[in-house]
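Single-structure report; data block below.
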Amino acid sequence: MDFLEYSDISAEIKGANVAGKVKFTDQHIIFKNNKTGKVDQIVATDIDVANWHKLVGSWALRLFLKNGNLHRYTGFRESDQEKVSKFFKTNYKHDTSEKELCLKGWNWGTARFQGSVLSFDVGSYPSFEIPLNNVSQCTPGKNEVTIEYHQNDDAPVNLVEMRFHIPSSEIAGGDDPVDSFHQQVMKNASVINVSGDAIAIFREIQCLTPRGRYDIKVFQTFFQLHGKTFDYKIPVSTVLRLFILPHKDGRQMFFVVSLDPPIKQGQTRYHFLTFLFSIEETMSIELPFSDEELKDKFEGKLSKELSGHTYEVMGKVMKAIVNRKITVPGNFIGHSGTSAIGCSYKAAAGYMYPLERGFIYVHKPPIHLRYEEITSVNFARSGSTTRSFDFEVELKSGVVHTFSSIEKEEYTKLWDFISKKNLRVKNSGKPSKQGYADDAFSDSENEDEPDAYLARVKAEAKERDEDGGEDDESTDEDFVPGEMPDDDNSAGSGTSDDSDGGSDASADSPKKKEKKPVKEKEEKPKKEKKPASEKPTKRRQKKEKDDNRPKRPQTAFMLWLNETRKSIVEDNPGIKVTEVAKKGGELWKELKDKSEWEAKATKLKEEYTEAMKEYTASGGSSAAASSKKESGAKKPSKSKVSAVSPSKVVSKEYISDDDSSSDDDKPAKKESKKPEKKSSKKKSSSEEEESSESEGEPPSKKKANGKKKPKDEDDDDEEEAETTPSSGDDSD
13 MDFLEYSDIS AEIKGANVAG KVKFTDQHII FKNNKTGKVD QIVATDIDVA NWHKLVGSWA
73 LRLFLKNGNL HRYTGFRESD QEKVSKFFKT NYKHDTSEKE LCLKGWNWGT ARFQGSVLSF
133 DVGSYPSFEI PLNNVSQCTP GKNEVTIEYH QNDDAPVNLV EMRFHIPSSE IAGGDDPVDS
193 FHQQVMKNAS VINVSGDAIA IFREIQCLTP RGRYDIKVFQ TFFQLHGKTF DYKIPVSTVL
253 RLFILPHKDG RQMFFVVSLD PPIKQGQTRY HFLTFLFSIE ETMSIELPFS DEELKDKFEG
313 KLSKELSGHT YEVMGKVMKA IVNRKITVPG NFIGHSGTSA IGCSYKAAAG YMYPLERGFI
373 YVHKPPIHLR YEEITSVNFA RSGSTTRSFD FEVELKSGVV HTFSSIEKEE YTKLWDFISK
433 KNLRVKNSGK PSKQGYADDA FSDSENEDEP DAYLARVKAE AKERDEDGGE DDESTDEDFV
493 PGEMPDDDNS AGSGTSDDSD GGSDASADSP KKKEKKPVKE KEEKPKKEKK PASEKPTKRR
553 QKKEKDDNRP KRPQTAFMLW LNETRKSIVE DNPGIKVTEV AKKGGELWKE LKDKSEWEAK
613 ATKLKEEYTE AMKEYTASGG SSAAASSKKE SGAKKPSKSK VSAVSPSKVV SKEYISDDDS
673 SSDDDKPAKK ESKKPEKKSS KKKSSSEEEE SSESEGEPPS KKKANGKKKP KDEDDDDEEE
733 AETTPSSGDD SD
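What follows is the structure in structure tokens.
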């Protein structure tokens with residue numbers, strides 16, 4: 013039998029049982045921490061005594077070493093006890109007998125010091141044992157000694173302190189038992205006292221976590237960070253790993269120290285110390301030891317004089333003091349030619365390093381993920397862009413770490429590296445020609461999982477097409493000269509919306525008012541939440557203006573720009589349409605004689621003022637609407653037409669001048685027959701109203717006459733030509 017291995021075993025570390033697995037070999041006893049991955053080895057020849065303790069439902073193995081340290085492993089079953097005892101007898105030459113504990117519950121007994129263990133015995137059986145390396149402070153009193161312990165954040169319950177009452181000695185002239193007890197405790201307690209000179213001192217080292225500049229003083233059992241605001245004393249036994257990582261820019265180096273338990277600053281815990289060094293920074297130090305002392309204490313790992321890059325010197329000293337290997341990046345080389353992958357974690361940007369046994373991210377916050385604790389990885393799209401991707405790492409504990417905004421050029425390199433490490437990939441599609449896996453970066457229409465954003469956009473577009481068909485027709489009708497139906501006047505009075513008025517052209521006006529409740533106006537603002545439906549809502553609001561209201565005249569600048577626009581484009585070839593007005597403004601400022609255009613603008617302003625007076629005197633929109641219903645479409649005077657038409661171009665199909673006659677309008681109306689057909693339904697509604705009031709004919713008969721008799725089109729053309737200026741107000 014070469015070895016024994018048990019998985020569900022816990023080791024007692026700082027008063028708490030830590031889960032892991034233990035392995036017994038011919039030469040070592042190895043325990044691996046499941047949480048941190050830390051491996052502790054005990055050489056078989058260092059074992060002094062091995063015992064079994066009977067616990068509730070399980071057995072515990074107690075190993076007392078020759079150097080005075082105590083190790084306890086719990087979780088063995090009764091069936092395992094016989095196998096382990098036989099293995100110890102065969103390979104380690106130790107008998108593993110059962111050691112009974114005192115269960116009387118007495119609080120007086122005998123304190124015995126054996127190595128670094130304080131045993132409190134009641135009679136011939138121990139009641140409890142205290143590893144003195146868990147003691148943080150010991151304070152003597154008159155007849156008592158107070159012992160304080162290091163706190164363990166992972167332990168559900170922490171023992172803070174214990175007090176031992178020690179009676180004074182009756183023998184005169186003997187040693188004080190309180191002082192003797194205190195000295196025995198302090199001899200093996202892990203109390204950090206700054207005594208003696210430091211092995212090495214590194215001045216003004218830039219530290220990223222915790223942030224600041226610190227002087228690092230390295231002692232044999234601990235190292236100290238001395239800053240302007242805070243000081244930290246870190247025992248060497250709390251160091252898990254050391255990392256040296258090259259920065260992506262090639263000019264700096266990260267030196268990372270992993271700690272367990274972490275250092276504290278208020279309520280903040282720092283599990284990593286991250287130092288940043290410049291490659292150009294060098295130093296040389298001389299250690300305060302002789303050559304013989306260096307060989308005895310550090311086994312020849314350090315020389316008396318050290319020189320080189322600062323991070324290399326610090327790495328050599330820390331490696332010898334901590335007795336841990338320094339981890340550096342392995343064979344992975346990214347697209348940039350370095351071992352660093354630029355990415356973001358949460359809101360901070362940093363670098364991820366694929367190592368031989370895990371991933372490490374620096375620096376805010378530093379994260380170390382071992383391959384053993386990773387369940388799977390996933391390559392995901394970064395939002396709606398394909399220029400970058402996300403890398404998700406799911407742990408066995410269920411926690412998912414997402415590293416986002418990784419350049420797409422890093423995809424193939426990272427994919428190949430993960431494939432070699434045999435990590436499970438969720439979307440394990442074959443890389444395509446572009447370098448991406450088919451499942452990871454395919455089009456959203458071909459993916460198994462739908463793209464929620466694309467689906468929402470398509471739904472909005474479909475709803476807009478269904479609801480906006482009538483809106484599009486009404487929008488086109490605004491630009492058709494002379495085709496505004498009579499029922500639009502009711503829209504101007506605020507009874508209904510224009511877009512809905514075109515869809516109910518076959519009904520008479522009273523029924524339209526019943527079919528268009530006010531609820532529609534209250535419901536439509538809800539569509540403003542959709543970005544695609546904002547513009548149609550604004551267009552419908554413009555149509556509420558009165559059609560008979562005179563159009564405001566153009567300014568002198570606009571009159572000048574309309575005639576000068578063509579020359580500006582010719583003089584500046586390649587000028588954008590949006591820059592023509594800007595260029596015209598510059599030329600207008602340089603123009604000295606503006607009297608001609610100002611006179612034209614003044615004349616148009618006077619005509620507009622006169623037209624507005626007549627418009628106001630006639631009662632505005634309400635009067636125009638009522639007069640249309642009583643006597644048909646009331647024809648405005650020629651003065652109104654001349655006041656508005658010179659400054660307005662309604663459309664390309666219809667152009668009129670001040671002196672144009674009805675005969676000149678006919679060719680233009682022939683060109684506008686297509687829009688007449690488009691709005692024929694609305695014309696029929698206005699003809700039905702006029703015929704029912706004036707001639708008394710049925711609406712269906714009048715509608716039929718309008719379709720079958722082409723000679724009636726001339727009369728309609730005259731009426732539409734004269735009403736064009738008022739109907740074209742909303743087209744702009």
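Each number in our numbering corresponds to the 1-based position in the sequence shown with 12 added.
We treat Cβ as the ideally placed atom computed from N, Cα and C, and that holds for glycine.
Here Ser-417 has Cys-355, Ser-356, Ser-394, Ser-400 as same chain residues with Cβ atoms under 7 Å from its own Cβ, once five neighbours each way along the sequence are excluded. Between the C-alpha atoms of Phe-403 and Phe-371 there is a straight-line separation of about 12 Å. Taking each of Lys-376, Thr-151, Thr-350, Ala-360 in turn and checking the Cα distance to Pro-366, the smallest one comes out for Thr-350.
Ala-361 counts as exposed, since fewer than 16 other C-beta atoms from the protein chains shown sit within 10 angstroms of its C-beta.
Counting only the Cα atoms, His-321 lies some 18 Å from Arg-225.
Under the DSSP assignment, Pro-189 falls in the alpha helix (DSSP H) whose first and last residues are 189-200. Nearest to Ser-270 by alpha-carbon distance, out of Lys-50, Gln-232, Ser-630, Glu-472, is Lys-50.
Residue pairing by DSSP puts Gly-354 in a beta bridge opposite Tyr-363. Boundaries of the beta strand (DSSP E) around Gly-370: 370-374.
Between Lys-438 and Val-405, the alpha-carbon positions lie close to 10 Å from each other.
Beta-bridge analysis with DSSP links His-83 to Leu-75. Proximity to Ser-302 across Lys-78, Asn-146, Met-198, Gly-312 peaks at Gly-312, based on C-alpha coordinates.
For Lys-245, the pairing in a beta bridge is given by DSSP as Gln-236. Judged by DSSP in its simplified three-state form, Gly-596 adopts helix. Here the alpha carbons of Val-268 and Ile-291 stand approximately 16 Å from one another.
According to the DSSP assignment, Arg-175 belongs to the beta strand (DSSP E) that extends over 173-177. Judged by DSSP in its simplified three-state form, Lys-606 adopts coil rather than helix or strand.
Counted as a single uninterrupted DSSP element, the beta strand (DSSP E) harbouring Gln-53 occupies residues 51-55.
Contact between Ser-319 and Ser-348 does not hold, since their C-beta atoms are separated by about 31 Å, which reaches or exceeds 8 Å.
Taking the Cα positions, Ser-97 is about 46 Å away from Gln-279. Taking C-beta atoms as the reference points, Asp-133 and Cys-114 count as a pair closer than 9 Å. Contact check for Tyr-104 and Ile-59: beta-carbon distance about 6 Å, within the 8 Å limit, so the pair qualifies. In this chain, Leu-288 is not harboured by any alpha helix (DSSP H); it is covered by the beta strand (DSSP E) spanning 280-290. Here Val-61 is not near His-40, since their CB atoms are 9 Å or more apart. Between the alpha carbons of Thr-122 and Ala-28 lies a distance of about 25 Å. Rounded to the nearest whole angstrom, the C-alpha separation of Lys-594 and Gly-346 is 50 Å. Cβ neighbours of Thr-37 within its own chain (closer than 6 Å, five residues either side excluded): Phe-15. The residue among Thr-628, Arg-564, Glu-598, Pro-585 with its C-alpha nearest the C-alpha of Thr-614 is Arg-564. Counted as a single uninterrupted DSSP element, the beta strand (DSSP E) harbouring Thr-122 occupies residues 122-126. Judged by DSSP in its simplified three-state form, Asp-60 adopts strand.
Look at Asp-303 here: in three-state DSSP terms it is helix. In this structure, the beta-carbon distance from Ala-568 to Lys-604 does not fall below 9 Å. Setting aside the 5 residues that flank it on each side, Tyr-244 is surrounded in the same chain by Leu-237, Ile-275, each with a C-beta closer than 6 Å to its C-beta; the list follows chain order. A straight-line Cα-Cα distance of about 7 Å links Lys-331 and Ile-338. Distance between Lys-432 and Tyr-373, taken at the CA atoms: about 20 Å.
Only residues of its own chain outside the window of five on either side were considered, and among them Glu-406, Arg-436, Lys-438 have a CB closer than 6 Å to the CB of Ser-388, listed in chain order.
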